[in-house]
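When we follow this note's numbering, the leftmost residue of the sequence shown carries the number 1, and every step to the right adds one.
All C-beta atoms, glycine included, are put in the ideal place defined by N, C-alpha and C.
One structure is given here, and the rest of the page talks about it.
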Amino acid sequence: LARQKDAQGVNRFTRHEIKNGLLAGIELCERLNRSFQSASNRVDQRVSATMDKDEYKTIESDMTKTAGMIGQVDHVLHEVLETVLAEAMARDVIYEIYQPLPKKVDIVEVLKSS
């Protein structure tokens with residue numbers, strides 16, 4: 001029984017650290033995307049006036065691909081986080097650890113805001 005409790009504690013700690021890592025990765029993606037967009041706008045203004053059209057289109061294409069890759073990483077991180085959270089919730093429900101906190105919700109207001 002003691003080993004089982006230790007294993008559960010280790011699993012909880014591991015899930016917690018994975019969740020924190022995913023949240024940190026998501027935040028880094030958001031910062032990277034903002035920084036990249038800002039730099040992209042500044043470069044776009046300076047370079048478009050001084051470069052020939054073919055070279056400019058190549059750089060623009062590379063910048064678009066880079067922004068897309070950042071978006072893909074962000075999307076995957078969100079998917080993995082949702083999976084980890086869903087698994088943790090399912091485990092809590094199965095083992096009757098989950099304690100619901102009933103709360104009144106104005107459905108009409110929620111639907112209006114979505």
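Return the Cβ separation of residue i and residue j in integer angstroms, given the expectation that the two are a contact with Cβ distance under 8 angstroms.
i	j	result
Y95	M89	Contact flag wrong, Cβ pair sits at about 11 angstroms.
I18	V84	6 angstroms
T66	F36	7 angstroms
At the level of alpha carbons, what is the spacing between residue i and residue j?
i	j	result
V43	K57	13 angstroms
P102	V73	35 angstroms
N41	C29	18 angstroms
D54	V80	39 angstroms
R46	I70	23 angstroms
V110	M51	51 angstroms
R91	G25	25 angstroms
H16	A39	34 angstroms
D13	D106	In the sequence on display, residue 13 carries Phe and not Asp. Whole-angstrom Cα-Cα distance: 36 angstroms.
V108	K5	44 angstroms
E82	E27	15 angstroms
D62	G68	10 angstroms
For residue i, report the span of its alpha helix (DSSP H) as first-last.
i	result
Y56	53 to 94
V108	107 to 113
Go ahead and label residue i buried or exposed: buried means 16 or more other beta carbons lie within 10 angstroms of its beta carbon, across all protein chains shown.
i	result
L1	exposed
K22	Correcting the residue type first, residue 22 is Leu in the shown sequence and not Lys. Classification for L22: buried.
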